[in-house]
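Chemist: In this note's numbering, the protein residues as written are -18 to 768. My structure is below; once you've seen it, I'll send some questions.
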C-alpha cells in the first residue's frame, strides 16, 4: 500500500504559499487521520446498509414468491374441488328420476356411475323423514343424519343446494365427507335428500407430494369456518378439533387476510364459487425463509469479515499516518523556523524597498523613486506630445524655524506641507522630497504651458497658509518655486531639475512666496555658483585658497602698523575669485567655520615665514564670522596656531562685524572675553552699519573701531557723514579705543580723517590687497608716503 501523503510536497506547503500556516498543516494531518476513519466507517455503513437492504428485498421476494405459489396452488385445488363437486349434478338428476321412472333402471344407472367414480364412494337416497329409499351399499343406519335431512326440508324457502352431513365413522373411512343434496320432482317440490359420500382423501392425496414445507398445511373449511380436513406433508387429517392452526385458518377465511393475526404465517384463502367450501393454505414464515436464512447468514458472515478487514486497514493506516505526523511535526518545526526567517527577510526587503523609494518623514517619493517615475512620465509625454513641468520648491526661513523651535516642529511643518501638496495635486502628478526643505514636483500631461502659472500660484497660496498647532506653535512659511518646462527647458530629468533649481534661487532673491520660470540667462551666474558650492570642501583641503594682505597706515607717521588678511580663491579653472562670490556659499553650506579656521592658521603660518626671513614684525587682522563666534573651539584653535608657529598673542588681531555680534550677543561676548583674556586684540569692523547699541560696545573687550567705508566715501561732500565720522572718532578715543577708517581712496578723505584725529587708515589710496610676496616688500620699506 502506498503512503497516503507525499513527502515531496512538504516544501511546497511552506515555500509555495506564504499564507499556508504550519497550524493548518497540522490540521491537515489530523484531518487525514479522522478522514481515514470516517471513510472506513462510511464504507462499512454503506456496505451494511446495502447488504441489509438487499437481504430485506430478497427476503421479501422469497415471501412474495411463496405467497404467489400458495395462491397458485389454492387456485388449482379450489378449481379441482369445484369440478369434483359439479359431478354431483349427474347423481342428482338420477335421484330425481327415482320418483318418476322405473326405480330398477335408476338403481342400475346409479350403480354404473358409482362403479366408475373414484371420488364418490357411496350413494344413498332418503325421504323427508330420513328413511333410506336407496343405498349403494349396506350400512348401519346412522341416526345423526336425520336431523340434517330435517333441516334441509325445514329450510325449504332458502333452498340450500348443498349441505355437509355429520362426519361420522359410521359412513366409512374418516376422510369420507357426506354431502347432502335436496331432490325435487318436476314441479319443484322437494321429495327427498341425496347423500353422496365424498372421498376427500382421494382429492387431497393428489397434492400430498407438493412441497409446502414442514409447517405447511392445506385446510378444507366450510363457510362457517368449520375445518373438515387438513393435508400436510405427513398425511391427511379429518374431522379433527380445531387447534391453533385450524383457528388461524378459520380466522383467515372470515377476514380474508393474507397473513394471520400473529404475523408469523403466510395464508392463502379461496372460497368455492358454487359450493359452501373454502381452501386455506397456511405456512409459517420461518419455514418459508428456512433455506433463505441459511444464505442470509452466509452473507452476513461475509460482510462481517469484510468489516473487520476494513476496520483493521483503517486502524493500520491511521497508525501509519500518526507515525508520519510525528516525522512531519519535526520537519514542520524546522520549516516553520525557515519560513519565519524568510518572512523576516521579506519584511526587511520590503522595508528596504520602502526606504529606497520613500521619504521616511513625509511618505513621499524620495529622490531615487522620483527620478525613475519622472523619467517614465517624460518619455510618455514626449510620445503623446504633452507638456510637463518640473517645480523645485524651497521653504524660506525653514532653517531659522528648525534652529529656533527645534527639529520636531520642523518635521511637523514638512509633514503638513507634504499633506497639502498631496491634496492639491492630481494622482498622476509625482511629488517627492529631495531632502531638507526641498520638494520637487512633476506636473504631467499638461495641454498647455499657460496652465502652469495657475497651478504654481495655488501651490504658493496653499503652502503659505498658516499651520496651526504644530507642537503648540502657529507657523507661517512661504515657498520659493522654480519652474522648468519640458521639452522647452530640458529633455531629461537631470536637466529640468538643474534649471528649476536655478529658477528657484532667482525666486528667493526676488521676494518670498513667489515662483519663477527658468530663464537661460540665469545659467551663467548660477552654474558658477553651483560649481563653486560643489567644490568648496575639496578646495579647502587642496589649499586652493590664498591670503592677500592690505596694509594699515598710521596717520601720524605713515608707517605700516598692521595688515588685514583677505582670503581669495584661486580656482584652477576660473582663476582668482573674490570673497563676495564665495563667502555666502560658505555660510549656506556650513563651510564658513572651516574656512575661517584655515584663514587664522594661514595668517599665523605667513607671520612665521616672515619672521624667519627677517621681515619686520607687524600685527595681522583676520575676520571672524558670526558662526565662528558661536564655536567654543575658536579660542583653542587660535592659541594652538600661535603656539605651533611660536608667535606672540599680539601678532594676531580678530575683526568681528556688528551683525555677527547681534546674532548672539551673549555667546559672542563670552568668546570675545576669552580671546581678550589670551592677550589678543579685538577690532569691531563695519562700525555704524549694523545699528549696534553703544551699551554693548562699552561692555565688550573691543580695542579698535573700524569705520565703515560707506561713511568715508562721501565724507567731503556730505555734512552728515562728516559729523558721524568725527563723532565716532571722538567717542572711540573717549572709550580708550583706536580708530581705523576703511576705503581711503582720495587725498581729501585722508586730509579730513587726519584733521579729525583718526589713528589709522587703509584703502586703495595706499595699496590694494596684494600677495604675501608683494606685501613683504612694503613691510621692508616700513612706510607708505602719500602721493
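The beta carbon of each residue, even a glycine, is placed where N, CA and C say it ideally should be.
Rounded to a whole number of angstroms, what is the C-alpha to C-alpha distance between residue 359 and residue 471?
Modeler: Roughly 10 Å between the two C-alpha positions.
Chemist: Go ahead and label residue 533 buried or exposed: buried means 16 or more other beta carbons lie within 10 angstroms of its beta carbon, across all protein chains shown.
Modeler: Per the 10 Å Cβ criterion, buried.
Chemist: Could you check what DSSP says for residue 566 in three-state terms: helix, strand or coil?
Modeler: Looking at residue 566 - three-state DSSP - the assignment turns out to be helix.
Chemist: Hey, could you find the ends of the alpha helix (DSSP H) residue 254 is sitting in?
Modeler: First-last for residue 254: undefined, no H or E at that position.
Chemist: Identify the continuous alpha helix (DSSP H) that holds residue 117 and give its terminal residues.
Modeler: It is not in any alpha helix (DSSP H) - residue 117 carries neither H nor E in the DSSP assignment.
Chemist: Are at least three pairs of beta-carbons, each pair with one atom in the segment 173 to 187 and one in the segment 242 to 259, less than 8 Å apart?
Modeler: No, because fewer than three Cβ pairs between the segment 173 to 187 and the segment 242 to 259 fall closer than 8 Å, the two stretches do not touch.
Chemist: Is it true that the CB of residue 294 sits closer than 7 Å to the CB of residue 51?
Modeler: No, the Cβ-Cβ distance between residue 51 and residue 294 is not below 7 Å.
Chemist: Ignoring anything shorter than 4 residues, give me the alpha helix (DSSP H) runs that lie fully in the segment 612 to 650, in order along the chain.
Modeler: Complete alpha helix (DSSP H) runs here, min 4: 615 to 625 and 639 to 644.
Chemist: By a C-beta neighbour count over all protein chains shown, 10 Å radius and 16 as the cutoff for buried, is residue 687 buried or exposed?
Modeler: It is buried - the Cβ of residue 687 has at least 16 other Cβ atoms within 10 Å.
Chemist: Between the Cα of residue 667 and the Cα atoms of 649, 723 and 107, which residue gives the shortest distance?
Modeler: Ranking 649, 723 and 107 by Cα distance to residue 667 puts 723 first.
Chemist: Residue 477 and residue 467: beta carbons closer than 7 Å?
Modeler: Contact flag set, yes.
Chemist: Between which two residues does the beta strand (DSSP E) containing residue 666 stretch?
Modeler: Unbroken beta strand (DSSP E) run through residue 666: 662 to 668.
Chemist: Would a C-beta distance cut-off of 7 Å place residue 377 and residue 461 closer than the cut-off?
Modeler: Yes, these two residues count as a Cβ contact at 7 Å.
Chemist: Around the Cβ of residue -18, are there at least 16 other Cβ atoms within 10 angstroms (buried) or fewer (exposed)?
Modeler: For residue -18, the predicted model reports a pLDDT of 36, less than 50, meaning its position is unreliable and no value from the coordinates is stated.
Chemist: Beta-carbon separation of residue 528 and residue 563 under 7 Å?
Modeler: For residue 528 and residue 563, no; Cβs fall outside 7 Å.
Chemist: Name the DSSP bridge partner or partners of residue 67?
Modeler: DSSP lists no partner for residue 67.
Chemist: Determine, using beta carbons only, whether residue 704 and residue 692 come nearer to each other than 7 Å.
Modeler: No. Outside cutoff.
Chemist: With the cut-off set at 7 Å, would you say residue 599 and residue 544 are in Cβ contact?
Modeler: Taking 7 Å as the Cβ cut-off, residue 599 and residue 544 qualify as a contacting pair.
Chemist: According to DSSP, simplified to helix, strand and coil, what is residue 264?
Modeler: Here residue 264 sits in strand by DSSP.
Chemist: The beta strand (DSSP E) spanning residue 270 covers which residue range?
Modeler: Careful: residue 270 lies outside any beta strand (DSSP E) and carries neither H nor E.
Chemist: Between the segment 159 to 174 and the segment 205 to 215, are three or more C-beta pairs nearer than 8 Å?
Modeler: Too few Cβ pairs lie closer than 8 Å, so no.
Chemist: Hey, could you find the ends of the beta strand (DSSP E) residue 176 is sitting in?
Modeler: Per DSSP, residue 176 belongs to the beta strand (DSSP E) from 171 to 180.
Chemist: Given a threshold of 16 other Cβ atoms within 10 Å of its Cβ, counted over all protein chains shown, does residue 388 qualify as buried or as exposed?
Modeler: So residue 388 ends up on the exposed side.
Chemist: Please classify residue 350: does DSSP put it in a helix, a strand, or coil?
Modeler: Note: residue 350 maps to helix in three-state DSSP.
Chemist: For residue 284, write down the residues that DSSP places opposite it in a beta bridge.
Modeler: Looking at the DSSP assignment, residue 284 forms no beta bridge with any residue, so it has no partner.
Chemist: Whole angstroms are fine: how far does the CA of residue 560 sit from the CA of residue 718?
Modeler: Straight-line Cα distance between these residues: approximately 28 Å.
Chemist: Have a look at residue 449 and residue 697 and give me their C-alpha separation to the nearest angstrom.
Modeler: Computed Cα separation, rounded: 55 Å.
Chemist: Tell me the DSSP secondary structure of residue 128 in three-state form.
Modeler: Residue 128: helix per DSSP, three-state reduction.
Chemist: If you follow the beta strand (DSSP E) that residue 545 is part of, which residue opens it and which one closes it?
Modeler: Element bounds for residue 545: 541 to 552.
Chemist: Taking only the alpha-carbon atoms, compute the straight-line gap between residue 164 and residue 192 and give it to the nearest angstrom.
Modeler: In a straight line, the C-alpha of residue 164 is about 41 Å away from that of residue 192.
Chemist: Just to check my reading of the structure: residue 372 and residue 424 have Cβ atoms closer than 8 Å, yes? What is that Cβ distance to the nearest angstrom?
Modeler: Residue 372 to residue 424, Cβ: 7 Å. Contact.
Chemist: Does the Cβ-Cβ distance between residue 684 and residue 663 come in under 7 Å?
Modeler: Yes, the pair counts as a contact, with Cβ atoms nearer than the cut-off.
Chemist: Does DSSP put residue 696 in a helix, a strand or coil?
Modeler: Here residue 696 sits in coil by DSSP.
Chemist: Are residue 770 and residue 614 touching if we call contact CB-CB under 7 Å?
Modeler: Here the chain comprises residues numbered -18 to 768, so residue 770 is not present and cannot be evaluated.
Chemist: Three-state secondary structure (DSSP) at residue 203?
Modeler: If DSSP states are grouped into helix, strand and coil, residue 203 belongs with the strands.
Chemist: Using the Cβ count rule (16 or more neighbours within 10 Å means buried), how would you classify residue 417?
Modeler: So residue 417 ends up on the exposed side.
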